[in-house]
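Colleague: In terms of the UniProt record's numbering, the sequence shown opens at residue 1 and continues consecutively.
Cβ coordinates follow ideal geometry from the N, Cα and C atoms, glycine included.
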Amino acid sequence: MHSSELRYCVEPTGGRWMVSFCHSPHGFFDRRVDAIRSALSDADRVERMGHKVTVVVARPADAPDLAQRVLRRPH
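And the structure:
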């Protein structure tokens, strides 16, 4: 089976939060937590298919001194 390293990104856009995958938007959310939950849920599904998945979460725009966060599922 072919396996890839895939990345989901959660980032602010126009007052909302966007989940992108393979450089394409895959959902817009009013709350950051909802976007994170969606990305993690789909990442779980894709990981069960044998892919390595990383979820990168940007910090809110009003917290520029904080770095982005990378979430990985423990193996």
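Drop a sphere of 10 angstroms on the beta-carbon of residue 55, count the other beta-carbons inside from all chains shown, and report buried for 16 or more, exposed for fewer.
Modeller: buried
Colleague: Please state whether DSSP places residue 79 in a helix, a strand or coil.
Modeller: Outside the modelled stretch of the chain, which goes from 1 to 75, sits residue 79, for which no answer is possible.
Colleague: Quickly, what does DSSP pair residue 12 with across the bridge? List them, please.
Modeller: 17
Colleague: Sort out for me which residues DSSP pairs residue 25 with in a bridge.
Modeller: 20
Colleague: Exposed or buried, what is residue 9 when buried is set at 16 or more other beta-carbons lying within 10 Å of its beta-carbon?
Modeller: Buried, by the Cβ-count rule.
Colleague: In whole angstroms, what is the alpha-carbon distance linking residue 28 and residue 34?
Modeller: 9 Å
Colleague: So residue 12 and residue 43 are in contact, right, with Cβ under 8 Å, and what is the actual spacing, rounded?
Modeller: At roughly 19 Å, the Cβ-Cβ gap does not stay under 8 Å, so residue 12 and residue 43 are not in contact.
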